[in-house]
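Read left to right, the sequence shown gives residues 0 to 221 (numbering that gives the first Met the number 0). Quick reminder that beta carbons are idealized off the backbone N, C-alpha and C, glycines included. The model shown is predicted, which means the values in this text are computed figures rather than measured ones. Just below is one structure, and these are the notes that go with it.
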Amino acid sequence: MRQLLGAALTLVFLAGCASSPAPTRVRTYTPPPGPPQVSAAQGSFQPNAYLRSCGGIYVTNAPPMDKDFWVVDYKPIIVVGSVVMATAPSNDVCLSSGFGIRSARRHDGIDLQSIPAGPIYAAAPGRILEARVSTGYGNMILIDHGGGVYTRYAHLAYFADGIHAGSEVGFGQQIGMMGQSGNATAVHLHFEILTGNYNNPRGSKGLAPRNPFEFPAYNPGS
Numbered sequence: 000m001r002q003l004l005g006a007a008l009t010l011v012f013l014a015g016c017a018s019s020p021a022p023t024r025v026r027t028y029t030p031p032p033g034p035p036q037v038s039a040a041q042g043s044f045q046p047n048a049y050l051r052s053c054g055g056i057y058v059t060n061a062p063p064m065d066k067d068f069w070v071v072d073y074k075p076i077i078v079v080g081s082v083v084m085a086t087a088p089s090n091d092v093c094l095s096s097g098f099g100i101r102s103a104r105r106h107d108g109i110d111l112q113s114i115p116a117g118p119i120y121a122a123a124p125g126r127i128l129e130a131r132v133s134t135g136y137g138n139m140i141l142i143d144h145g146g147g148v149y150t151r152y153a154h155l156a157y158f159a160d161g162i163h164a165g166s167e168v169g170f171g172q173q174i175g176m177m178g179q180s181g182n183a184t185a186v187h188l189h190f191e192i193l194t195g196n197y198n199n200p201r202g203s204k205g206l207a208p209r210n211p212f213e214f215p216a217y218n219p220g221s
């Protein structure tokens, strides 16, 4: 069963780091019920319907953009295996780095920025496996969404109250604040979608990183 909380989810049609507004449309999603093992309530987060690249910088591995640097055919809510989740778990952000090889090294997620730094939310309901300080990731949270799907949130300034390993989170619940902890050159969120089995000798590093822009859009009628 595709997983997200059952309350109607209305997208916010804004995008961060923008000098020209995105087109205005109205679209309401009515997601199916969330996973039965997670009882946490849905948070206040409403995903933005559009995403733009950050101005004034070269965005590596950027998805297709239009002439105004909006992501073409952006899918704000995607389906990863059996899990329905937000593609960008923060509001009014811009894309500063895409998924793929960057400076001869693999970049396992996408980087999102906002000015000022904003709250970070759970992309889907789940259970927190890790909420700790990492040398590279800084303040980092890893969430298990079930079905072999996980998300990582890195370089946070701090964790939200009540966020710790073992705690449950609902879709859109605030889990932290965008920051610059760990190996980060600017305030941003490093966001990863991972699949596989966490119970392996390498833990989260043994999971397969996935490109958020390559998953299908959630269709409430399917």
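Worksheet item: What whole-angstrom Cβ distance do Thr-194 and Gly-117 have, given they're in contact under 8 Å?
Response: Working through the sequence shown from its first residue, we reach residue 194 at position 195. Working through the sequence shown from its first residue, we reach residue 117 at position 118. About 27 Å separates the two Cβ atoms, so there is no contact after all.
Worksheet entry | Cβ pair Ala-156, Asn-138 closer than 8 Å | Taking the sequence shown and counting its residues from 1, the one referred to as residue 156 is at position 157. Taking the sequence shown and counting its residues from 1, the one referred to as residue 138 is at position 139. In this structure, Asn-138 lies closer than 8 Å to Ala-156 by Cβ.
Fill in: Contact between the region 57-72 and the region 144-156 (3+ Cβ pairs under 8 Å)
Segments in contact, no.
Discussion item. My output table needs one value for Gly-135: the three-state DSSP class, helix, strand or coil.
Written reply: As a first step, residue 135 must be located in the sequence shown, where it is residue number 136. Coil at Gly-135, not helix or strand.
Worksheet item: In chain order, what residues of the same chain lie with their CB nearer than 7 Å to the CB of Phe-68, ignoring the 5 residues before and after it?
Response: If you number the sequence shown from 1, residue 68 lands on position 69. Arg-51, Ser-52, listed in sequence order.
Practice prompt. Give the straight-line distance between the Cα atoms of Met-84 and Arg-101, rounded to the nearest whole angstrom.
Written response: For the purposes of this step, residue 84 is taken as the residue at position 85 of the sequence shown. For the purposes of this step, residue 101 is taken as the residue at position 102 of the sequence shown. Met-84 and Arg-101: Cα-Cα distance of roughly 25 Å.
Item to complete: Under 7 Å Cβ to Cβ from Glu-167, same chain only, skipping five residues before and after it: list those, please.
Response: Along the sequence shown, one-based indexing puts residue 167 at 168. Around Glu-167: Val-37, Ser-38, Ala-39, Arg-126.
Worksheet item: In terms of residues, what are the limits of the beta strand (DSSP E) holding Gln-173?
Response: Within the sequence shown, numbered from 1, the residue matching residue 173 stands at position 174. From DSSP, the beta strand (DSSP E) with Gln-173 extends over 173-177.
Practice prompt. Any chance you could list the beta strand (DSSP E) runs of at least 3 consecutive residues sitting entirely within the region 63-119, in chain order?
Written response: 76-79, 82-85, 93-96, 99-101, 104-106, 109-112
Worksheet item: What are the uninterrupted segments assigned as beta strand (DSSP E) that are 3 or more residues long and contained completely in the region 185-214, given in chain order?
Response: 188-194, 207-209
Worksheet item: Beta-carbon separation of Gly-171 and Phe-44 under 8 Å?
Response: Taking the first residue of the sequence shown as 1, we reach residue 171 at position 172. Taking the first residue of the sequence shown as 1, we reach residue 44 at position 45. Taking 8 Å as the Cβ cut-off, Gly-171 and Phe-44 qualify as a contacting pair.
Discussion item. Could you pull the DSSP bridge partners for Tyr-157 from this structure?
Written reply: Translated into positions along the sequence shown, residue 157 becomes position 158. DSSP output for Tyr-157 lists Met-176 as bridge partner(s).
Worksheet item: CA-CA distance, Phe-190 and Gly-99?
Response: Within the sequence shown, numbered from 1, the residue matching residue 190 stands at position 191. Within the sequence shown, numbered from 1, the residue matching residue 99 stands at position 100. Looking at the two C-alpha atoms, the distance is approximately 13 Å.
Worksheet item: When burial is assigned at 16 or more other CB atoms within 10 Å of the CB, is Pro-75 buried or exposed?
Response: By 1-based counting over the sequence shown, the position of residue 75 is 76. With 16 or more Cβ atoms within 10 Å of its Cβ, Pro-75 is classed as buried.
Worksheet item: If we ignore side chains and look at the alpha-carbon of each, how far apart do Gly-42 and Gln-173 end up?
Response: Position 43 of the sequence shown, counted from the first residue, corresponds to residue 42. Position 174 of the sequence shown, counted from the first residue, corresponds to residue 173. Whole-angstrom Cα-Cα distance: 7 Å.
Discussion item. Assuming Phe-158 and Gly-169 are in contact, meaning their beta carbons sit under 8 Å apart, how far apart are those beta carbons, in whole angstroms?
Written reply: The sequence position of residue 158 within the sequence shown is 159, counting from 1. The sequence position of residue 169 within the sequence shown is 170, counting from 1. Under the criterion of beta carbons closer than 8 Å, Phe-158 and Gly-169 do not qualify as touching, at roughly 16 Å.
Item to complete: Pull up the DSSP beta-bridge partners for Gly-125, would you.
Response: For this step, residue 125 is matched to residue 126 along the sequence shown. Paired residue(s): Val-168.
Fill in: Residue from Pro-124, Val-82, Lys-66, Cys-93 with nearest C-alpha to Ala-48
On the sequence shown, residue 48 is found 49 positions in, with the first residue counted as 1. Nearest C-alpha to Ala-48: Cys-93.
Fill in: Proximity below 8 Å, CB of Ala-164 to CB of Glu-129
Taking the first residue of the sequence shown as 1, we reach residue 164 at position 165. Taking the first residue of the sequence shown as 1, we reach residue 129 at position 130. Yes, they are a contact pair.
Practice prompt. For Thr-184, count neighbouring Cβ atoms within 10 angstroms of its own Cβ and tell me buried if that reaches 16, exposed if not.
Written response: The sequence position of residue 184 within the sequence shown is 185, counting from 1. Exposed, since its Cβ has fewer than 16 Cβ neighbours within 10 Å.
Worksheet item: Out of curiosity, what's the CA-to-CA distance linking Arg-151 and Ala-207?
Response: Residue 151 sits at position 152 when you count from the first residue of the sequence shown. Residue 207 sits at position 208 when you count from the first residue of the sequence shown. Counting only the Cα atoms, Ala-207 lies some 12 Å from Arg-151.
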